[in-house]
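Down below is the structure, laid out as structure tokens.
In our numbering, the protein residues as written are 1 to 121.
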């Protein structure tokens, strides 16, 4: 939005600069749309066959670590408190998707050295 406001102010006196800023803004917007669609698709498609939520969450570290140099990978662990029980599948899948997105963000954006997911029953 700030870039578009800048374009509005540049247009009358510096149309060439305004066009350049507008082109750059469009590229940034396209990337944001792409990343948003990708994130939504990941949330929708992230399910698992195993009924063991903690085990599925534990597998995330391996999945998300693919392509990351070993020395750069954060230490990831899942802590379970209480006695596990069966969850309604829709609820279990929603919990998994939410945690998966949070852990994915930590891997991609936080430069974290340690990531911990805690499941409390």
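The beta-carbon is built from N, C-alpha and C at its ideal position, and this holds for glycine as well.
Fill in: Closest residue to residue 120 among 82, 1, 75 (Cα-Cα distance)
Answer by Cα proximity: 82.
Worksheet item: Which residue or residues does DSSP assign as beta-bridge partners of residue 115?
Response: 76
Worksheet entry | Contact set for residue 7: own chain, Cβ-Cβ below 6 Å, skip 5 residues either direction | 18, 21, 22
Worksheet item: Starting from residue 59 and walking both ways along the alpha helix (DSSP H), at which residues does that stretch end?
Response: 53-65
Discussion item. I believe residue 4 touches residue 25 by the beta-carbon criterion, under 8 Å. Please report the beta-carbon distance rounded to the nearest angstrom.
Written reply: 6 Å
Worksheet item: Within 10 angstroms of its Cβ, does residue 64 collect 16 or more other Cβ (buried), or is it exposed?
Response: buried
Item to complete: For residue 52, verify whether its CB is less than 7 Å away from any heavy atom of the ligand PLP.
Response: What this structure holds is no ligand at all, so the ligand PLP is not there to describe.
Worksheet item: Rounded to whole angstroms, how far is the Cβ of residue 100 from the Cβ of residue 53, which I believe are closer than 8 Å?
Response: Actually they do not touch by this definition, with Cβ atoms about 11 Å apart.
Fill in: Collapsed DSSP secondary structure at residue 13 in the structure displayed
coil
Discussion item. For residue 69 and residue 112, what's the separation of their Cα atoms in angstroms?
Written reply: 14 Å
Worksheet entry | DSSP-derived helix/strand/coil call for residue 81 | strand
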